[in-house]
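Chains as they are written, first to last, in my numbering: chain Z, 47 to 295; chain D, 413 to 836. Every residue gets a Cβ at the ideal spot worked out from N, C-alpha and C, and that includes glycine. Keep in mind that this is a model prediction, so the values were computed, not measured. Contents: one structure, followed by commentary.
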Amino acid sequence: MLRRVRLIACSLAAALCLAAGHAQAAVWALKVAVLENAPPMAYRDADGRLTGFSVEVARALCDEMQAQCSFQTTVLEQLVDQLVAGEFDIAAVSLLDTPERRSRILFSQPYFRSISLWIGKPGVLPGEHGLRIAVLKGSAQESYARKQGWETVGVRTSGELAEPLIAGSAQAAIVPMNTSLNLQKNKDFQRLGLHSAVLKAPELVGNAAFGINPRRPELRRMVDAALERIKRNGVYERINTQFLPFRVL
Amino acid sequence: MAGQAVRNRYTTSQMSVLLAATFALLFTTVVALLAVDQQRVLLAAERLQQQTVPEIIRFQRLTRNLEKLRQEGERLLASGTPAGRQESLFMIMLVASHPSILEHPPSAKLARDTEAFLVDAARLASEDPATLPLRLAEWQQIVTRLNLLVDDLSVEGVNLVASDLVDMTAAMRLANYQLIGTMLLVGGFLVLTMVLLRKHLLCPLQRIDRALSSLNVDQPTPDFPEASLAEIHAVEEASKRLHSVMLSNQAALRKVELLASRDDLTGLINRRHFMDLAEAELRRAQRYNRPVAIAFADLDFFKSLNDTYGHHAGDVVLCAFAHLLSESVRQSDLVCRYGGEEFALLFPESTVDKAHLLVERFRERVADREFRLPDGARLRLTLSIGLADASHCAIEAALKRADLALYEAKRRGRNQVVVASDAC
Numbered sequence: 047m048l049r050r051v052r053l054i055a056c057s058l059a060a061a062l063c064l065a066a067g068h069a070q071a072a073v074w075a076l077k078v079a080v081l082e083n084a085p086p087m088a089y090r091d092a093d094g095r096l097t098g099f100s101v102e103v104a105r106a107l108c109d110e111m112q113a114q115c116s117f118q119t120t121v122l123e124q125l126v127d128q129l130v131a132g133e134f135d136i137a138a139v140s141l142l143d144t145p146e147r148r149s150r151i152l153f154s155q156p157y158f159r160s161i162s163l164w165i166g167k168p169g170v171l172p173g174e175h176g177l178r179i180a181v182l183k184g185s186a187q188e189s190y191a192r193k194q195g196w197e198t199v200g201v202r203t204s205g206e207l208a209e210p211l212i213a214g215s216a217q218a219a220i221v222p223m224n225t226s227l228n229l230q231k232n233k234d235f236q237r238l239g240l241h242s243a244v245l246k247a248p249e250l251v252g253n254a255a256f257g258i259n260p261r262r263p264e265l266r267r268m269v270d271a272a273l274e275r276i277k278r279n280g281v282y283e284r285i286n287t288q289f290l291p292f293r294v295l
Numbered sequence: 413m414a415g416q417a418v419r420n421r422y423t424t425s426q427m428s429v430l431l432a433a434t435f436a437l438l439f440t441t442v443v444a445l446l447a448v449d450q451q452r453v454l455l456a457a458e459r460l461q462q463q464t465v466p467e468i469i470r471f472q473r474l475t476r477n478l479e480k481l482r483q484e485g486e487r488l489l490a491s492g493t494p495a496g497r498q499e500s501l502f503m504i505m506l507v508a509s510h511p512s513i514l515e516h517p518p519s520a521k522l523a524r525d526t527e528a529f530l531v532d533a534a535r536l537a538s539e540d541p542a543t544l545p546l547r548l549a550e551w552q553q554i555v556t557r558l559n560l561l562v563d564d565l566s567v568e569g570v571n572l573v574a575s576d577l578v579d580m581t582a583a584m585r586l587a588n589y590q591l592i593g594t595m596l597l598v599g600g601f602l603v604l605t606m607v608l609l610r611k612h613l614l615c616p617l618q619r620i621d622r623a624l625s626s627l628n629v630d631q632p633t634p635d636f637p638e639a640s641l642a643e644i645h646a647v648e649e650a651s652k653r654l655h656s657v658m659l660s661n662q663a664a665l666r667k668v669e670l671l672a673s674r675d676d677l678t679g680l681i682n683r684r685h686f687m688d689l690a691e692a693e694l695r696r697a698q699r700y701n702r703p704v705a706i707a708f709a710d711l712d713f714f715k716s717l718n719d720t721y722g723h724h725a726g727d728v729v730l731c732a733f734a735h736l737l738s739e740s741v742r743q744s745d746l747v748c749r750y751g752g753e754e755f756a757l758l759f760p761e762s763t764v765d766k767a768h769l770l771v772e773r774f775r776e777r778v779a780d781r782e783f784r785l786p787d788g789a790r791l792r793l794t795l796s797i798g799l800a801d802a803s804h805c806a807i808e809a810a811l812k813r814a815d816l817a818l819y820e821a822k823r824r825g826r827n828q829v830v831v832a833s834d835a836c
């Protein structure tokens, strides 16, 4: 009888140890890539802390997944290569779903829906000869402009998009909707008196999603499930309100 | 039996298999129905979760954007500077071009109208700011349209939930009815089973129990109504057979008893049986203080008859004598062949004197009688009788005294009755 009790106690202890080990393993680490100087999507606040719509959605997803996420900044230009190389697990960057990207990385479910804007002097039309167009390097807007055979001026961060326009090295820009919100706040940019119009190109409109390491399809399922939960439990709506002036999904 | 219509009978195993199969079928059907209902409820709940809730959230976002349009419109109209109006127009363009608005045709149309109106108002205002207040009435119409659409969308969201809930409630209610129906059905089936068991098993068993408890040769053959179960029928038939076997055993026993108590040759009761009966008779007489007499009768010179005419002739004479003897006594008197040519007689309710008269008359009757032998010869026989009172004696003692009296009769020359004089 005593032996049996001892056996049960040992089994219980072992089970507890296993469960504890499992719980320990449940706190798992993820490397998350974010952009910098891309307000309102990703930027550093007054305290130097990374924040923004994409960053906070990524934080909420990490909380949902109970993952220990380490955020590392990068630039869009290198993002897909780094993701393919396995330097990051998740790219918390708004990526339009283009065939080029889709052939190399995995996409999460969309976390908002975007449009792209043509910004230029009134009367200046896309594709006009001698026009140089400011774009973010590595962006869908850049590859769209190149496909059209337009001359582009690339910048490394969204926050720098106003510079070539102000400096006069570019006469127009193609920017995603959220970036344009930030541009509108730039006094120097405002003085240029540029006109904005929605660019009705199918590849520049629609779902924006996070990129996922292509070797981790199970991670995509978890991210999608977490995203579905925060879309329902109000967390997503609060982040939307905090960073963007209207509902973007 | 042959006249009765042959009816189908089931064995208990057939009956139990039939009942179990019916129950299993019934239960499976009902469980399947319940499972279908449950599936309906689950589907409705899943639809609510997977489709309706996201749809409602989508409607909420859409209404927020419509309100954003209105706010920006108000801001534009209130703005005193072209830059401020431009800012609002920019926001209005973004919202009105956003897929969330475009995918909902009524919202898309209204957003287009709103944008067109505000672009126009801003253009005119940049030429002449005084035109703005003139357009407020028109703007109020657009605001009303925006507000109405927001109302519609809110109600639509609620209606989606309500419709899912109505579906779920209907499914639950149906499931509830089916559950009640199921319980009634199962209850009914159990009652039916009990009734069938009672009718075809318990009641027949009780009947069999009653019949077997009172199974007796004095009772008529047990009669059972037609049984449906083969085993019950078999037991009933067996108890009928048992009864008839009991009857035939009883008859055989009676026959054997009769054989055991009679004398083979004469048919009179034998000595053993006589002793039993006489003893009982004596006890009875002595208890009630009633007279009883006992006698021994012996054919005179019977041995020489045997020697002369043969044993067969002797037997014939003994039979004829026995017949005559049993005819001559009263119904209640006992007559037995005691052995050889000696006969014992018991006269209940008779004093020695009355018995004396009786045996004397019989003696005379024998003496007057001619016995016919098988070969046609005729002969006469005489008989000696010893009579004794048995009212106060044990049977052996009484017999002994009668025997002594018989001996005395023989000694006195035969063909006479001698009454034992001394009392016991």
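Name, please, each residue of chain Z whose Cβ falls closer than 8 Å to the Cβ of D:VAL376. There is simply no residue 376 of chain D to check, as chain D begins at 413 and stops at 836 in what is shown.
Thinking D:PHE708 and D:ILE797 are a contact (beta carbons under 8 Å), I'd like their distance in whole angstroms, please. The residue you call residue 708 of chain D lines up with position 296 of the second sequence. The residue you call residue 797 of chain D lines up with position 385 of the second sequence. Here D:PHE708 really is in contact with D:ILE797; their C-beta atoms are around 7 Å apart, less than 8 Å.
Residues bridged to Z:HIS241 [DSSP beta-bridge criterion]: Here residue 241 of chain Z is taken as the residue at index 195 of the first sequence, counted from 1. Z:HIS241 pairs with Z:GLY166.
Residues that D:PRO511 contacts on chain Z, provided the C-beta gap is smaller than 8 Å: Here residue 511 of chain D is taken as the residue at index 99 of the second sequence, counted from 1. The answer, in chain order, is ARG159, ILE161, VAL251, GLY252.
Find the residues of chain Z that neighbour D:LYS480, judging by a C-beta separation of less than 9 Å, and give them in chain order. For this step, residue 480 of chain D is matched to residue 68 along the second sequence. At a beta-carbon threshold of 9 Å, the residues of chain Z lying near D:LYS480 are PRO291, PHE292, ARG293, ordered along the chain.
Please work out which residues of its chain come closer than 7 Å, Cβ to Cβ, to D:GLN624, disregarding the five sequence neighbours upstream and downstream, and give them in chain order. Position 212 of the second sequence, counted from the start, is the residue given in the question as residue 624 of chain D. The residue asked about is misnamed: residue 624 of chain D is Leu in this sequence, not Gln. The beta carbon of D:LEU624 lies closer than 7 Å to those of SER651 in the same chain, with the five residues before and after it left out.
4 or more residues per run - each alpha helix (DSSP H) lying fully within the region 442 to 510 of chain D: Restricting attention to alpha helix (DSSP H) runs no shorter than 4 residues, the region 442 to 510 of chain D encloses them at 465 to 490, 494 to 509, ordered along the chain.
Spatial distance of D:LEU506 from D:ASP532 (CA atoms): Here residue 506 of chain D refers to the residue found at position 94 when the second sequence is read from its first residue. Here residue 532 of chain D refers to the residue found at position 120 when the second sequence is read from its first residue. Cα-Cα distance, rounded: 17 Å.
For a cutoff of 9 Å on Cβ pairs, would you count Z:ALA69 as touching chain D? What you label residue 69 of chain Z is simply residue 23 of the first sequence in a count that begins at 1. At Z:ALA69 the pLDDT is 46, less than 50, meaning the model places this residue with poor confidence; the figure from the coordinates comes in the next sentence. No, its Cβ sits nowhere closer than 9 Å to a Cβ of chain D.
Along chain Z, in chain order, which residues have C-beta atoms closer than 7 Å to that of D:ARG473? The residue given as residue 473 of chain D occupies position 61 in the second sequence. Here the neighbours are ARG293, LEU295.
In chain order, what residues of the region 646 to 666 of chain D put their CB closer than 7 Å to some CB of chain Z? So nothing in the stretch comes that close.
Identity of the residue in D:GLU761, D:VAL728, D:GLU754, D:PHE733 nearest D:GLN743 by Cα: The residue labelled residue 743 of chain D in the question sits at position 331 within the second sequence. For the residues D:GLU761, D:VAL728, D:GLU754, D:PHE733, the minimum Cα distance to D:GLN743 belongs to D:GLU761.
Alpha-carbon to alpha-carbon, D:ASN682 and D:HIS612: Here residue 612 of chain D refers to the residue found at position 200 when the second sequence is read from its first residue. Here residue 682 of chain D refers to the residue found at position 270 when the second sequence is read from its first residue. Going from the Cα of D:HIS612 to the Cα of D:ASN682 covers about 55 Å.
Can you list, in chain order, the residues of its chain whose CB lies under 7 Å from that of D:THR605, leaving out five sequence neighbours each side? In the second sequence, the residue the question calls residue 605 of chain D occupies position 193. Taken in chain order, the residues that qualify are LEU431.
D:ALA490 versus D:SER575: straight-line alpha-carbon distance, rounded: Residue numbering aside, residue 490 of chain D sits at position 78 when the second sequence is read from its first letter. Residue numbering aside, residue 575 of chain D sits at position 163 when the second sequence is read from its first letter. The alpha-carbon atoms of D:ALA490 and D:SER575 are separated by roughly 42 Å.
Measure from the C-beta of Z:LEU227 to each C-beta in chain D and report whether the shortest distance is under 9 Å. Within the first sequence, residue 227 of chain Z is the residue found at index 181, counting from 1. It does; some Cβ of chain D falls within 9 Å.
Would you decide whether D:PHE713 is buried or exposed? Buried here means 16 or more other CB atoms lie within 10 Å of its CB. Residue mapping note: residue 713 of chain D aligns to position 301 of the second sequence, counting from 1. So D:PHE713 ends up on the exposed side.
For D:ARG775, does the count of other Cβ atoms within 10 angstroms reach 16, so buried, or fall short, so exposed? The sequence position of residue 775 of chain D within the second sequence is 363, counting from 1. D:ARG775 comes out buried.
Residues, ordered as in the chain, of the region 205 to 224 of chain Z that lie near chain D by beta-carbon distance below 8 Å: So the close ones are MET223.
Under a CB-based cut-off of 9 Å, is D:PRO466 close to chain Z? In the second sequence, counting from the first residue as 1, residue 466 of chain D sits at position 54. So yes, D:PRO466 belongs to the interface.
At 7 Å on the CB atoms, spell out the chain Z contacts of D:PHE529, in chain order. Counting from 1 along the second sequence, the entry for residue 529 of chain D is found at position 117. The contacting residues do not exist; D:PHE529 stays about 18 Å from chain Z at best.
C-alpha distance - Z:LEU122 paired with D:ALA508, whole-angstrom precision: Indexing the first sequence from 1 puts residue 122 of chain Z at position 76. Indexing the second sequence from 1 puts residue 508 of chain D at position 96. Their Cα atoms are separated by approximately 28 Å.
Since Z:LEU250 and Z:SER116 should fall inside the 8 Å C-beta cutoff, what is the C-beta to C-beta distance between them, to a whole number of angstroms? The residue you call residue 250 of chain Z lines up with position 204 of the first sequence. The residue you call residue 116 of chain Z lines up with position 70 of the first sequence. With a Cβ gap of about 32 Å, Z:LEU250 and Z:SER116 do not count as contacting.
Measuring only the C-alpha atoms, how far is D:ASP719 from D:LYS812? Within the second sequence, the letter at position 307 stands for residue 719 of chain D. Within the second sequence, the letter at position 400 stands for residue 812 of chain D. If you draw a straight line from the Cα of D:ASP719 to the Cα of D:LYS812, it is about 29 Å long.
Selection from D:ALA534, D:GLN498, D:SER428 that minimises the alpha carbon distance to Z:LEU240: Translated into the one-based positions of the first sequence, residue 240 of chain Z becomes position 194. Nearest option by C-alpha distance: D:GLN498.
Beta-carbon separation (whole angstroms), D:LEU711 vs D:PHE686, contact threshold 8 Å: For the purposes of this step, residue 711 of chain D is identified with residue 299 of the second sequence, where counting begins at 1. For the purposes of this step, residue 686 of chain D is identified with residue 274 of the second sequence, where counting begins at 1. That belief does not hold up - the Cβ atoms of D:LEU711 and D:PHE686 are roughly 18 Å apart, past 8 Å.
Since Z:LYS277 meets chain D, which of its residues come closer than 8 Å, beta carbon to beta carbon? Walking along the first sequence from the start, residue 277 of chain Z turns up at place 231. Going along chain D in sequence order, the residues near Z:LYS277 (Cβ under 8 Å) are PRO466, ILE469.
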